[in-house]
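For the protein sequence lines, the chains are A and R, in the order given. Counting from 1, position 71 in the first sequence corresponds to residue 125 in this note's numbering; the numbering is continuous, with no gaps. Counting from 1, position 137 in the second sequence corresponds to residue 221 in this note's numbering; the numbering is continuous, with no gaps. Accompanying notes for the structure given below.
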Amino acid sequence: MIAKRLEPFLPVVGVIGLLAIWSLATWLKWVDPVLLPSPLSAFKALWNGMDGGPLGFDFVKTIYRTAASTLIAAVIGIPLGIVLGSSEKVYRSLEFVIDFFRSTPASAMFPLFLVLFGVGDETKISVAAFGAILVILFNVAYGVMNARKTRLLAAKVMGASRLRVLFDVMLLESLPQTFVGLRNGVSLALVIIVVAEMFIGSQDGLGHSVFEAQQLFDMPRMYAAIFAAGALGYGLNLLFLLIERRFVHWSGK
Amino acid sequence: MTAAQHAYRYEPASAAMPSTPLVDGASRRPHVTIRGLSKRFGKAVIYDRFDLDLPRGELISVFGPNGCGKSTLINMIAGLIPVDAGEILFDGMRLSEIKFGYVFQNYREALFPWMRAFDNIAYPLKMMKVPPAERKARTEKLVAHLGIKLDLNLYPYQMSGGQQQLVSIMRALVVEPEILFLDEPFSALDYEMTLFMREQLQKLFMESGTTMVLVSHDLEEAVYLADRVLLLSRHPACVADFPAVAAVRPRTVATLSDAEFVRTKAHCLEVFQREVRRA
Chain A
55 MIAKRLEPFL
65 PVVGVIGLLA
75 IWSLATWLKW
85 VDPVLLPSPL
95 SAFKALWNGM
105 DGGPLGFDFV
115 KTIYRTAAST
125 LIAAVIGIPL
135 GIVLGSSEKV
145 YRSLEFVIDF
155 FRSTPASAMF
165 PLFLVLFGVG
175 DETKISVAAF
185 GAILVILFNV
195 AYGVMNARKT
205 RLLAAKVMGA
215 SRLRVLFDVM
225 LLESLPQTFV
235 GLRNGVSLAL
245 VIIVVAEMFI
255 GSQDGLGHSV
265 FEAQQLFDMP
275 RMYAAIFAAG
285 ALGYGLNLLF
295 LLIERRFVHW
305 SGK
Chain R
85 MTAAQHAYRY
95 EPASAAMPST
105 PLVDGASRRP
115 HVTIRGLSKR
125 FGKAVIYDRF
135 DLDLPRGELI
145 SVFGPNGCGK
155 STLINMIAGL
165 IPVDAGEILF
175 DGMRLSEIKF
185 GYVFQNYREA
195 LFPWMRAFDN
205 IAYPLKMMKV
215 PPAERKARTE
225 KLVAHLGIKL
235 DLNLYPYQMS
245 GGQQQLVSIM
255 RALVVEPEIL
265 FLDEPFSALD
275 YEMTLFMREQ
285 LQKLFMESGT
295 TMVLVSHDLE
305 EAVYLADRVL
315 LLSRHPACVA
325 DFPAVAAVRP
335 RTVATLSDAE
345 FVRTKAHCLE
355 VFQREVRRA
């Protein structure tokens, strides 16, 4: 009975366990306290940083860049994915190129984009968008291609034109897969943005914050920035899941 | 067999000739006329110069050995797959000139899960460019007419299999079709639901009088629901027999043990087994 009532708290177990081990490790000095500060000092740094401190500003900057690159990627990737998915010939002829660039680490493109856009925000956002576009495009195309044949036939039998079938059936059929693409895309965009903020002449952003704290050996601040980045990644994924559940209510049913 | 039943027997040998026996005398013209229909998948010849007349206002079951082309036949009549050669006319008109409905076996994949049941049913009217208000009115009229108690505000995935298939059938009926095709509509349902749906379909048929062509893999169901059972041979398919089912409507559980019904069913089974053995 008690075990059953405690079930909703299961997800907290891992968190508590991690904090316990961490506390123990710093308390018993298993690890050099300079490398691993206590959880308390890390969370204090997180709180101070977010509560009107520079970390909050960096956090917002990273959100802005990630959101901008994801938005650009979605605006370009979704229509392209639909075109690609609705024609097998187009898909087959471009599959290799897309798969190749999708497999290329986006970070390898930094120098090229630096040459193209300079050291400002444009470079970071465009590299992240480049990475996310390919992920989104692939998933959208896949979703369109795998629209249920029966559903397409049903629409056709009811007199739907090709264009109608595309908009009334294929697009909606591909939505669950489109959201898979968006979720993966935004995660990848965040990774690229944070890396870009660390290394390509950035003055702000979470990546910059982590890097700067490390350079100054301000370990609590570094951990705080890492947690902020983690929370952002988790939050973005959750946000897209909630949007999907709201608008693609039939997904997986 | 009665003489009338014999009139529907299509001998394979005569299949090449335009075999168009009158349906119940001259008063009822055939609804669908199929002439010289040919279809092959790869090397397999499914139909070779196939001729058939389907009478108007009757429920016709299509039954035959596995892979003989039952579904292929109605899919070609309904324009889902192209014919290699031949002509299919409805009162002399082409498919594009008539209104028809089609019910898929896989209701889960045939309905649109993003639309509520009501909008699913009304969708074909949208394709016919009927204005929204009239669409709503016509759908409501159909639902009221059928007397089906279903919450049509639900999404398909919130309904049971039988309810979903009922929605599919209503979607096919909403355009007031001249002919309705059903491809094994109940074979994905459990037995209890199948029995219920047979009654529903019989009711719909009696009320609408629409010509219906039903593919079935269950002989009892095929005979129970049908006015005529189209028995196909192995491919290349020809009409092995086309007997009428005399039992009066509404048919009930008692019909299943009715002597005439049992005789018709036994005859169909005999023809079926003969065709299966022919391979």
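No residue lacks a Cβ here, since even glycine has one placed at the ideal position from N, Cα and C.
Keeping to the same chain, check which residues put their C-beta closer than 7 Å to that of Val258(R); ignore five residues upstream and five downstream. On the second sequence, residue 258(R) is found 174 positions in, with the first residue counted as 1. These residues qualify, in order along the chain: Ile205, Ala206, Pro208, Leu209, Arg222, Thr223, Leu226.
How would you list, in chain order, the residues of chain A whose beta-carbon sits under 7 Å from the beta-carbon of Tyr207(R)? Taking the first residue of the second sequence as position 1, residue 207(R) is located at position 123. Per Cβ cutoff of 7 Å: Met212.
Can you have a look at Tyr241(R) and say buried or exposed, based on whether 16 or more other CB atoms are within 10 angstroms of its CB? As a position in the second sequence, residue 241(R) is number 157, starting the count at 1. Answer is exposed; the Cβ neighbour count stays below 16.
For His115(R) versus Leu138(R), is the C-beta spacing smaller than 8 Å? Locating residue 115(R) in the second sequence gives position 31, where the first residue counts as 1. Locating residue 138(R) in the second sequence gives position 54, where the first residue counts as 1. In this structure, Leu138(R) lies closer than 8 Å to His115(R) by Cβ.
Cβ closer than 7 Å: which chain R residues qualify as neighbours of Trp304(A)? Your numbering for residue 304(A) matches position 250 in the first sequence. Pro197, Trp198, Tyr239, Tyr241, listed in chain order.
Sorted by chain position, which residues of the same chain lie with C-beta nearer than 6 Å to Leu236(R)'s C-beta, five sequence neighbours on each side aside? For the purposes of this step, residue 236(R) is taken as residue 152 along the second sequence, with counting starting at 1. The residues are Ala201, Phe202.
Note down, in chain order, each residue of its chain lying with its Cβ closer than 7 Å to the Cβ of Ala278(A), except the 5 sequence neighbours on either side. In the first sequence, residue 278(A) corresponds to position 224, counting from 1. Once the five neighbours on either side are set aside, the close Cβ partners of Ala278(A) are Ala96, Ala99, Leu100, Gly103, Leu109.
Residue span of the beta strand (DSSP E) that contains Val137(A), given as start and end: As a working note, residue 137(A) is residue 83 in the first sequence. Here Val137(A) belongs to no beta strand (DSSP E); instead the alpha helix (DSSP H) covers 108–140.
With 8 Å set as the bound, which would you pick, yes or no: does the beta-carbon of Glu268(R) sit closer than that to a beta-carbon of chain A? Working through the second sequence from its first residue, we reach residue 268(R) at position 184. Not one chain A Cβ lies under 8 Å of Glu268(R).
With DSSP as the reference, label Tyr131(R) as helix, strand or coil. As a working mapping, residue 131(R) is identified with position 47 in the second sequence. In the structure shown, the three-state DSSP call for Tyr131(R) is strand.
Tell me which residue opens and which closes the alpha helix (DSSP H) that Ile70(A) is part of. Position 16 of the first sequence, counted from the start, is the residue given in the question as residue 70(A). Counting along the chain, the unbroken alpha helix (DSSP H) around Ile70(A) starts and ends at 64–81.
Taking 8 Å as the threshold (C-beta atoms), are Ala331(R) and Val211(A) in contact? As a working mapping, residue 211(A) is identified with position 157 in the first sequence. As a working mapping, residue 331(R) is identified with position 247 in the second sequence. Note that the C-beta distance between Val211(A) and Ala331(R) is not below 8 Å.
If the criterion is Cβ atoms closer than 8 Å, does the pair Asn291(A) and Val234(A) meet it? Within the first sequence, residue 291(A) is the residue found at index 237, counting from 1. Within the first sequence, residue 234(A) is the residue found at index 180, counting from 1. No, the pair does not count as a contact, with Cβ atoms beyond the cut-off.
Reducing DSSP to helix, strand and coil, say where Tyr186(R) ends up. As a working note, residue 186(R) is residue 102 in the second sequence. Strand at Tyr186(R).
My understanding is that Val187(R) touches Ile253(R), with C-beta atoms under 8 Å, so please give their C-beta distance in whole angstroms. In the second sequence, residue 187(R) corresponds to position 103, counting from 1. In the second sequence, residue 253(R) corresponds to position 169, counting from 1. Going by Cβ atoms, the distance from Val187(R) to Ile253(R) rounds to 5 Å, so yes, they are a contact pair.
With distances taken Cα to Cα, identify the nearest neighbour of Val323(R) among Asp132(R), Arg140(R), Leu266(R). The count along the second sequence starts at 1 and reaches residue 323(R) at position 239. Minimum Cα distance to Val323(R) is reached at Asp132(R).
Which of the three DSSP states is assigned to Lys154(R) in this structure? Counting from one through the second sequence, the residue named residue 154(R) turns up at place 70. Three-state DSSP puts Lys154(R) in a helix.
Give a yes or no on whether the C-beta atoms belonging to Phe294(A) and Leu226(A) are separated by under 8 Å. In the first sequence, the residue the question calls residue 294(A) occupies position 240. In the first sequence, the residue the question calls residue 226(A) occupies position 172. Their beta carbons are not under 8 Å apart, which means Phe294(A) does not touch Leu226(A) by this criterion.
What would DSSP say about Ile246(A), mapped onto helix, strand or coil? By 1-based counting over the first sequence, the position of residue 246(A) is 192. The answer is helix: DSSP assigns Ile246(A) an H, G or I state.
Tell me which residues share the same chain as Gly131(A) and place their Cβ nearer than 6 Å to its Cβ, disregarding the 5 neighbours each side in the sequence. Your numbering for residue 131(A) matches position 77 in the first sequence. Within the same chain, Gly131(A) has close Cβ partners Ile187, Ile190, Leu191.
What does the Cβ neighbour count give for Ile297(A), buried or exposed, with the cut at 16 atoms within 10 Å? Residue mapping note: residue 297(A) aligns to position 243 of the first sequence, counting from 1. That one is exposed.
Identified DSSP bridge partners for Arg312(R): Numbered from 1 along the second sequence, position 228 holds the residue referred to as residue 312(R). Ile144(R), Ala328(R).
At the 8 Å Cβ level, is Leu315(A) part of the contact set with chain R, yes or no? Look at the range of chain A in this structure, 55 to 307, and you will see that residue 315(A) is not part of it.
Which class does Asp388(A) belong to by DSSP, given the choice of helix, strand or coil? No statement about residue 388(A) is possible, as the shown extent of chain A runs from 55 to 307 and does not include it.
Would Gly148(R) and Glu305(R) be called neighbours here (beta carbons separated by less than 8 Å)? Indexing the second sequence from 1 puts residue 148(R) at position 64. Indexing the second sequence from 1 puts residue 305(R) at position 221. Not a contact, by the Cβ cut-off of 8 Å.
Range covered by the beta strand (DSSP E) that runs through Asp175(A): For the purposes of this step, residue 175(A) is taken as the residue at position 121 of the first sequence. Careful: Asp175(A) lies outside any beta strand (DSSP E), inside the alpha helix (DSSP H) at 175–199.
Are the C-beta atoms of Thr232(A) and some chain R residue less than 8 Å apart? Here the question's residue 232(A) lines up with position 178 in the first sequence. So, not an interface residue.
Answer yes or no: does any C-beta atom of chain R fall closer than 8 Å to that of Leu236(A)? Numbered from its first residue, the first sequence carries residue 236(A) at position 182. Leu236(A) does not count as touching chain R.
Does the structure place the stretch 153–173 of chain A close enough to the stretch 196–214 of chain A that three or more beta carbon pairs sit under 8 Å? no
Does the beta carbon of Tyr131(R) come closer than 8 Å to any beta carbon on chain A? Along the second sequence, one-based indexing puts residue 131(R) at 47. Output row for Tyr131(R): interface = no.
Would Gly185(R) and Leu264(R) be called neighbours here (beta carbons separated by less than 8 Å)? Numbered from its first residue, the second sequence carries residue 185(R) at position 101. Numbered from its first residue, the second sequence carries residue 264(R) at position 180. Taking 8 Å as the Cβ cut-off, Gly185(R) and Leu264(R) qualify as a contacting pair.
Against chain A, does Ala194(R) count as a neighbour if the rule is that its beta carbon must be under 8 Å from one of theirs? Residue mapping note: residue 194(R) aligns to position 110 of the second sequence, counting from 1. For Ala194(R), the answer is yes, since a Cβ of chain A falls inside 8 Å of its Cβ.
Would you identify the three-state DSSP class for Asp86(A), choosing helix, strand or coil? By 1-based counting over the first sequence, the position of residue 86(A) is 32. Reduced to three states, the DSSP call for Asp86(A) is coil.
Since Met252(A) contacts Phe265(A) with CB under 8 Å, what's their CB separation in whole angstroms? Locating residue 252(A) in the first sequence gives position 198, where the first residue counts as 1. Locating residue 265(A) in the first sequence gives position 211, where the first residue counts as 1. Sure, about 4 Å apart at Cβ, within 8 Å.
Residue burial classification, Asp153(A) (beta-carbon count within 10 angstroms, cutoff 16): As a working mapping, residue 153(A) is identified with position 99 in the first sequence. By the 10 Å Cβ count, Asp153(A) comes out exposed.
Going along chain A in order, which residues have a C-beta closer than 8 Å to the C-beta of Leu164(R)? Taking the first residue of the second sequence as position 1, residue 164(R) is located at position 80. The CB of Leu164(R) comes closer than 8 Å to the CB of Leu207, Lys210, Val211 in chain A, given here in chain order.
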